[in-house]
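Throughout, the working numbering is defined as the position within the sequence shown, counted from one, plus 87. Worksheet for the structure shown next.
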Amino acid sequence: ISNQFYKALTLKFTNNVHLNNYSQRLTNKKTNTQLLLLPVAGILLFIILYIVAAFLYPGGSDADKTATGFSWQNNYWCELMDSYAQNGEPNTARPVAILAMIVLAISLIIFWNNIAELFVYRKSSSRITRYCGTGSMLVLPFLFTGLHDSVINIAGLLGGIAIIALLINLYKHKMYFLL
């Protein structure tokens with residue numbers, strides 16, 4: 088995030104003492120950078136762990152049960168979290184894939200809570216963004232259970248609401264450079 092972001096927030100909130108204090112807190116680059124980089128680092132760790140899990144996957148897919156390894160074309164990501172691979176072997180990728188999903192969920196919970204702080208003076212919008220975004224991530228680690236399809240539907244619905252609320256708030260606050 089550039090200095091343009093910090094300047095825009097400072098200019099936007101200078102007339103309100105509470106919001107001015109908040110914008111000053113946002114411009115504390117050390118704190119803000121750490122808060123912004125933590126979700127980014129978590130997402131990068133998720134990607135690395137999922138790639139490792141793909142290499143550990145024993146094999147098989149709906150297209151070819153006898154195939155070896157993970158096929159980015161024929162396997163679903165969620166198959167990395169199954170107890171058994173499509174070829175019937177125990178899935179050695181499962182622990183790494185579950186860890187990756189937990190890392191992703193925690194990273195995005197931090198993101199949704201931090202991004203909601205931008206709209207602190209619009210409490211209802213902030214709450215919608217925070218609670219729906221966080222709620223979508225709290226159910227995500229349960230993808231590896233028998234509730235897979237329900238988890239996808241719930242997380243997708245809550246995440247979609249959070250994203251729409253976020254985009255509306257960014258637009259209303261003229262933070263076009265973040266859209």
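From the three backbone atoms N, C-alpha and C, an ideal C-beta is built for every residue, glycine too. Keep in mind that this is a model prediction, so the values were computed, not measured.
Contacts around Asn256, its chain only, beta-carbon distance under 6 angstroms, and the 5 residues preceding and following it disregarded: Phe206, Ser212, listed in sequence order.
Do the CB positions of Phe229 and Pro126 come within less than 7 angstroms of each other? no
For Asn200 and Ile193, what's the separation of their Cα atoms in angstroms? 11 angstroms
If you draw a straight line from the C-alpha of Arg217 to the C-alpha of Leu191, how long is it? 16 angstroms
In the DSSP output, which residue or residues are listed as bridge partners for Leu155? This sequence places Thr at residue 155; Leu is not what is there. Paired residue(s): Gly146.
Alpha helix (DSSP H) segment containing Asp169, residue limits: Taken as a continuous stretch (DSSP letters only), Asp169 belongs to no alpha helix (DSSP H), as it is neither H nor E.
With which residues is Pro177 paired in a DSSP beta bridge? Its beta-bridge partners are Tyr171.
Whose C-beta lies closer than 8 angstroms to the C-beta of Thr179 among residues of the same chain, with five residues either side of it excluded? Answer for Thr179: Leu143, Tyr144, Pro145, listed in chain order.
Taking only three categories from DSSP, how would you classify Met224? When DSSP states are grouped into helix, strand and coil, Met224 belongs to the helix group.
Could you check the C-alpha separation between Leu106 and Leu253 for me, to the nearest Å? Caution applies to Leu106, whose pLDDT of 44 falls short of 50 and renders its modelled position unreliable; the model cannot decide the point.
Determine contact between the region 152-163 and the region 128-137, defined as no fewer than three beta-carbon pairs at a distance below 8 angstroms. no
Measure the Cβ-Cβ separation of Ala187 and Gly147 and say whether it is below 7 angstroms. Taking 7 angstroms as the cut-off, the beta carbon of Ala187 is found no closer than this to the beta carbon of Gly147.
Less than 7 angstroms between CB atoms is the rule here; does Cys219 satisfy it with respect to chain D? Judged by its chain identifiers, the structure shown contains no chain D, having just a single protein chain.
DSSP-derived helix/strand/coil call for His260: coil
Indicate the three-state DSSP secondary structure (helix, strand or coil) for Tyr163 in the structure shown. Coil.
Whole-angstrom Cβ separation of Ile248 and Ile215, contact assumed at under 8 angstroms? Your pair Ile248 and Ile215 checks out as a contact, with CB atoms roughly 7 angstroms apart and the cut at 8 angstroms.
Quick check on Leu234: does DSSP put it in helix, strand or coil? coil
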